[in-house]
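Chains as they are written, first to last, in the numbering used here: chain A, 93 to 636; chain B, 59 to 234.
Here is the structure:
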C-alpha cells in the first residue's frame, strides 16, 4: 500500500551507474509508477561505490534503505509486482545497504555522504554533517587551521603523499597579497575514479575543503582543474558551485562571516601530464602543460607566480571532516606514517569492482579477494597494477603488502592515488610493459629528453626483445634506458614509467621469451619504426 | 612597411590570413568576449570555440593571438599540445575508446581491433559517411565497469563488440 507521502527511491546519477543503464532504469521506474498510480519520488544520488551492483535501486522503508541490484529495465515490472516499494522480496533484493558486507566493513570518512545524499542538495549536505568543518574554521586563526591539518597526518592523496600541512604552512608563510587554492581534478590514472565519484556524489565537500584551505592560507581565489573526459563531474561541479554562491558558501560573505572566496572550474584538454602539479599550473595559465623546474615550490611561486596550494580532490575533500572532528579523530585511523583513510578503487578484471574507503593497513590480498571477490573472469589473478600507469606490476607473492605508502615504496611499488587494476592469467606482461612506454611517448610533455625520446626507444627495445633480436644485450639496454629515465626526468611521468616496465621484466620475465607475444612486435599505434636487426647503440639512448 | 624603415619595429602587423566565414568568426568573437578578461583565458577560449564549432579552425589562430596580444606560436602551441583540441571537423559523433590498463584487462585491445574493423577506420579518422570519428582516450574513470566507450557525452561500460554495434545505432537514433 502506498502511503500518503509516497515512496522515496534512490537511483544513482554517478557516471559509472549511468554507463550501465541507471538513467533508463530511473525513467522506467517513474513511468511505471505514473501508469500504476504509485506516488514515487526518485532521488538521483551518488554511487555507494558497489559498482558491480549498479544500477542499484534503493527504496526508503521504515527498516532502512533496502537495495535491489543490479536492476535492468526488464526487471522493473517484476519489482513493482513484488512490492519493492515496501521492501518486498525479489531475486535482486540485497537487504539494507548498510548491511551489505562490502559496504559495512568500510570506514567512510571522506565518502561519508557519497551515495547517501542528493549531491546537489545543500540541505541534505547540512543535515548529514556538512559545513561543520567550515563553521569551525571560520572561528580559527589561519595558523591554527594549518596546525590541525598538520596534526591530522593528512598526506597528499594525488599520489606523491606529501604532507598537506607542510604545504599549507609554506603557503601561509609565503609573502603576498594574492594567493590561490588549486584543486587537481585531472584524475588521469587508469584504475582510479575516486575523484570523479566524489565530485559527482558530494561536490559540496570539495567546495567546503577549498574554502577552508583559502581561510588557512589567506587565499581568496580557487580553481578546480578538471579533466575534460569527465563531463558528468563537470556538470555536477558547475551546479554545486552555482548553489554554493546562491547560499553564501562562496562569494564575498561566506556564511555571513565577511570573508570571501571565489571558485571556478577549468577544463583540461586531454593531456595526462597536466595531472603533474606544475604542468597543471602552466595549463591553467593558458599555456602548454609543460613541467616546471622545482624549486620554486608552487606554495611559494605557483599559479601566475603567486603562492599556491595545489592539492588533489580527495586531499581537499578530507579537510572538512578533520576540521569537524579534530586532528586526532582522523589520525587515529591508519598505520605508520600513513594516517587516516584512503578511498581505494578496485578496477579492471575484478568481480566486485568499486570504491572501498578504509584506514591504511589492510593488505592488497584482502582487497582483491575479501572485497573484490577475485577476478571477473573467474581465472586466477596474475598481476596487479597499483597506483596508475606509473605504478609497478605486482605478482601474487607481493599481495600481502599492506596498503601503506612506505610499505609500497619498500617493494618499489607506489600506492599513488589508490587505484588497483587486476589482470587475470591471460595477461601478456611484455605487452603491458610495452604499453607503459607507449603511453609515456604519447603523453610526454617533451621537456626532458629521457622521457620524450627514451619512451619511444623503450617501445622499440621491448619489441626487439620479444622478437628475440639480440635478447641479452637488448635487455641490458632496456634496463639502462630505464635507469636514464628514472634519473634524468624532471617529473614522475618519465621518472616512474620505468617501474611498470622493470617490474614486468623482473616478476614476469617468461612473458618476454620468444614466441610468447607475437602481437607485441606489430602494434597498431603508429609509434612503430621499421624493425632493426642489431641492438640500438647505447648512444641512441637518452642522449638527445 | 617600406624598405626604408624595415629595421624600425614600429608596429607588428598581424599576418594576413583569409577572413573566417561569418559563422566561425561569430563563434570566435563570442568566445573571446566571454573569456578575454579571465586569468589564463586561452584554455577556456579554445574550449568555447570547439564547443560551438566542433573544432578550432586554423585561421582562427591569428585572430585569437591578436586579440589576446599573444604570438600565433603560443596559440598554435596550445592546439598542438592538447590531444582534445582538433583543427579539423569531426564526424557527427565522436567515439572515444579507452585504451588504458583497466580496460585492457577486460579485453579493450580486442575491442579496439573490432571497433576499427567495424568502422573501417583507424584512430583520428572519420568514417566515409561522415557519421563517426574514432579517438583514443586514456581513462574515462569507469574502470570497474570496463571496457569503456564515450560516445559524444554519453558514457558506456562493459562494452563488447555486440554492445558497440548497438551504441552506433543508438547514437544515430538519438540525433534523429
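Heads up, the beta-carbon is just placed ideally off N, CA and C, and yes, glycines get one too.
With a threshold of 8 Å between beta carbons, residue 202/B makes contact with chain A. Excluding the 5 residues flanking it on each side, residue 322/A has same chain C-beta neighbours closer than 7 Å at 288, in chain order. Taking 9 Å as the cut-off between beta carbons, the residues of the region 129 to 145 of chain B near chain A are 132, 135, 136, 138, 139, 140, 141, 142 and 143, in sequence order. At a cut-off of 8 Å, the C-beta of residue 79/B has no neighbouring C-beta in chain A. Counting along the chain, no alpha helix (DSSP H) covers residue 425/A, and no H or E run does either. With fewer than three CB-CB distances shorter than 8 Å, the region 203 to 221 of chain B does not count as touching the region 117 to 126 of chain A. Chain B has no Cβ within less than 8 Å of the Cβ of residue 211/A. Against chain B, the beta carbon of residue 321/A has neighbours under 8 Å at 154, 195, 197, 198, 199 and 208, listed in chain order. In the three-state reduction of the DSSP assignment, residue 521/A falls in the helix class, which pools H, G and I. One thing to note: residue 521/A has its Cβ within 8 Å of the Cβ of residue 596/A.
Per DSSP, residue 176/A lies in no alpha helix (DSSP H) segment and is marked neither H nor E.
Against chain B, the CB of residue 112/A has a partner CB under 8 Å away; the residue lies at that interface. Of all residues in the region 359 to 373 of chain A, those with a C-beta nearer than 7 Å to a C-beta of chain B are 359, 361, 362, 363 and 364, reading in chain order. Taken in chain order, the region 309 to 334 of chain A contains no complete alpha helix (DSSP H) segment of 4 residues or longer. Taking a beta-carbon distance threshold of 8 Å, residue 499/A does not count as an interface residue toward chain B. The residue from 523/A, 583/A and 562/A with its alpha-carbon nearest to that of residue 602/A is 523/A. The three-state reading of DSSP puts residue 218/A in helix, counting H, G and I together. For residue 485/A, the enclosing beta strand (DSSP E) starts and ends at 485 to 487. Per DSSP, the beta bridge partners of residue 515/A are 475/A. For the C-beta of residue 148/B, not a single chain A residue is nearer than 7 Å; the gap to the nearest is close to 14 Å.
Residue 537/A sits in coil when the DSSP states are folded into three classes, being neither helix nor strand.
With respect to residue 293/A, residue 410/A sits apart: the two C-beta atoms are not nearer than 8 Å. With respect to residue 443/A, residue 491/A sits apart: the two C-beta atoms are not nearer than 8 Å.
Look at residue 606/A: its C-beta is not under 8 Å from any C-beta on chain B. The three-state secondary structure of residue 78/B, taken from DSSP, is coil. According to the DSSP assignment, residue 293/A belongs to the alpha helix (DSSP H) that extends over 286 to 293. Per DSSP, residue 162/B has no beta-bridge partner at all. Contact check for residue 183/A against residue 234/A fails: the beta carbons are separated by 8 Å or more. Our two residues, residue 572/A and residue 254/A, have alpha carbons roughly 29 Å apart in a direct line. For the pair residue 145/B and residue 155/B, the CB atoms are not nearer than the 8 Å cut-off. Neighbours of residue 143/A in chain B, taken as residues at a C-beta separation under 7 Å, are given in chain order as 202 and 203.
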